[in-house]
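To start, the structure itself, in structure tokens.
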Amino acid sequence: KDQLKGRSCLTLFDYTTEELRYLLDLAKEIKQKQKNREVYHPLKGKVLGMIFEKSSTRTRVSFETGIYQLGGTGLFLSSKDLQLGRGEPISDTAQVLSGYLDGIMIRTFKQEDVEALAHYGAIPVINGLTDDYHPCQVLADLQTIEEVKGQLEGLTLTYIGDGNNMAHSLMIGAVKMGINFKTAAPEGYLPNEAIVERAKVIAKEQGVSITITTDPKEAMIGSDIVYTDVWASMGQESEQLKREALFKDYQVNEDLVSFAKDDYLFLHCLPAHRGEEVTADVIDGKHSVIFQEAENRLHAQKALMVALMAD
Ligand code: CP
Ligand code: NVA
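The opening position of the sequence shown corresponds to residue 4 in UniProt numbering, with each subsequent residue numbered one higher.
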């Protein structure tokens, strides 16, 4: 428990399997407290700054609601309005904000910026999405999978689509929790090789596999969890049309999911584009748990904030 206090969450590489297990158990406990309307204020008087350089619905609302429910306050800080947006160095921003706040959540483009904030600051920094990682989403995803499947270890998760922030964080979270990871994307859009190499070391320790292919059907075979994400992420809007053409054979539709296990679960971090990366019959069908997954952002992040920020 005390092991996590004062630390940051920059990627899921930061945490051991045991630490992730602790966070998932705490998230379950905190969710139950919220359902029982119990007053639970371990972060009374604490302030979380939330820096956004990209849009957000779930991340913003779940962090702001979460810190409030834990007895603290959240400050929404648009990078457009901060001096950061006018060129003030991250190192100065980090040191200044460390004098006011108890934690920072940041959503931005470059992973290095999040790392610099944590390096120069003296308070926990939580990665609320970068171009390379989205750890908070995956904490909620793991919580959701465990709630519905009753276990994590031994399952197979297939991520179809762009080798982006979601692909990376899902791969790390999956193998750390004993889940086999499979992914398919067109050549040139597969996950970052350096990240895959690091994840493979963990997969070996955990006795699970990582399968990377350009064939979506091969990736889907034997899958318990089917996951996809947008083809063009935030910051890639100008590539939308090019990517629609490139990814058209990677749509998660009834034909493709017929290769997964009969009782597969469908997850998507949202926002989704029905008719692009996933068809409406799949995302709105009986295997889909997208709204339970979105709700769990609240509970998983409350657990994270308590673990990192409580006295
Ligand atoms: N899944 C997710 O992070 O959603 P937002 O972009 O709405 O925060
Ligand atoms: N890959 C998407 C995830 C959004 C939650 C993006 O970065 O835009």
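Using N, Cα and C, we set each Cβ at its ideal position, and we do this for glycine too.
Looking at residue i: is its Cβ nearer than 7 angstroms to the Cβ of residue j?
i	j	result
Val-178	Val-151	no
Ile-163	Ala-187	yes
Leu-249	Pro-194	no
Ser-94	Tyr-123	yes
Leu-46	Gly-75	yes
Ile-129	Leu-160	no
Ile-228	Leu-268	yes
Ser-81	Leu-301	no
Gly-9	Gln-304	no
Gly-77	Glu-67	yes
Lys-49	Asp-5	no
Ala-306	Leu-26	yes
Arg-61	Ala-206	no
Ile-213	Phe-184	yes
Leu-155	Glu-149	yes
Asp-134	Phe-112	yes
Leu-7	Leu-311	yes
Val-204	Gly-176	no
Starting from residue i, follow the beta strand (DSSP E) in both directions and report where the run begins and ends.
i	result
Arg-110	106-110
Arg-228	What sits at residue 228 in the sequence shown is Ile, not Arg. Unbroken beta strand (DSSP E) run through Ile-228: 228-231.
Val-128	128-130
Tyr-162	159-163
Ile-185	Here residue 185 turns out to be Lys, not Ile, going by the sequence shown. Here the beta strand (DSSP E) through Lys-185 covers 183-187.
Gly-77	76-81
His-122	It is not in any beta strand (DSSP E) - His-122 instead sits in the alpha helix (DSSP H) that spans 114-123.
State yes or no: is the C-beta of residue i nearer than 6 angstroms to some heavy atom of the ligand CP?
i	result
Ser-140	First, the residue type needs correcting, since residue 140 is Gln and not Ser in the sequence shown. Because some heavy atom of the ligand CP lies under 6 angstroms away, the Cβ of Gln-140 counts as near it: yes.
Leu-273	yes
Thr-231	no
Ser-59	yes
Thr-62	yes
Can you tell me whether residue i is buried or exposed? The criterion is at least 16 other CB atoms within 10 Å of its CB, across all chains shown.
i	result
Tyr-103	exposed
Tyr-71	exposed
Phe-79	exposed
Ser-11	buried
Asp-266	exposed
Arg-277	exposed
Lys-34	buried
Gln-51	Inspection of the sequence shows that residue 51 is occupied by Leu rather than by Gln. Buried, by the Cβ-count rule.
Val-285	buried
Val-309	buried
Pro-219	buried
Thr-19	exposed
Excluding the five sequence neighbours on either side, which residues of its own chain have a C-beta within less than 7 angstroms of the C-beta of residue i, listed in chain order?
i	result
Glu-200	none
Pro-138	Cys-12, Thr-14, Leu-15, Asn-130 and Ser-172
Lys-36	Tyr-43
Might you give, ordered along the chain, the residues of its own chain that have their beta carbon closer than 8 angstroms to the beta carbon of residue i, omitting 5 neighbours on each side?
i	result
Asp-232	Tyr-162, Gly-164, Asp-165, Asn-167, Met-169, Ala-170, His-271, Cys-272 and Glu-280
Gln-254	Glu-279, Glu-280, Val-281 and Thr-282
Gly-288	Phe-269
Residues in its own chain within less than 6 angstroms of residue i by CB, not counting five upstream and five downstream?
i	result
Asn-299	Ala-143, Gln-146 and Thr-147
Lys-57	Arg-110 and Met-237
Gln-209	Val-178 and Gly-181
Ser-101	Gly-124, Ala-125 and Ile-126
Given the structure, does residue i come close to the ligand NVA, in the sense that its CB is under 6 angstroms from one of the ligand's heavy atoms?
i	result
Ser-101	no
Met-174	no
Met-169	yes
Met-237	yes
Would you mind reading off the limits of the alpha helix (DSSP H) that contains residue i?
i	result
Phe-262	From DSSP, Phe-262 is part of no alpha helix (DSSP H); its letter is neither H nor E.
Arg-241	The identity of residue 241 in the sequence shown is Ser, whereas the question assumes Arg. From DSSP, Ser-241 is part of no alpha helix (DSSP H); its letter is neither H nor E.
Lys-49	Unbroken run through Lys-49: none, as it is neither H nor E.
Val-151	138-152
Gly-69	61-72
Ile-286	283-286
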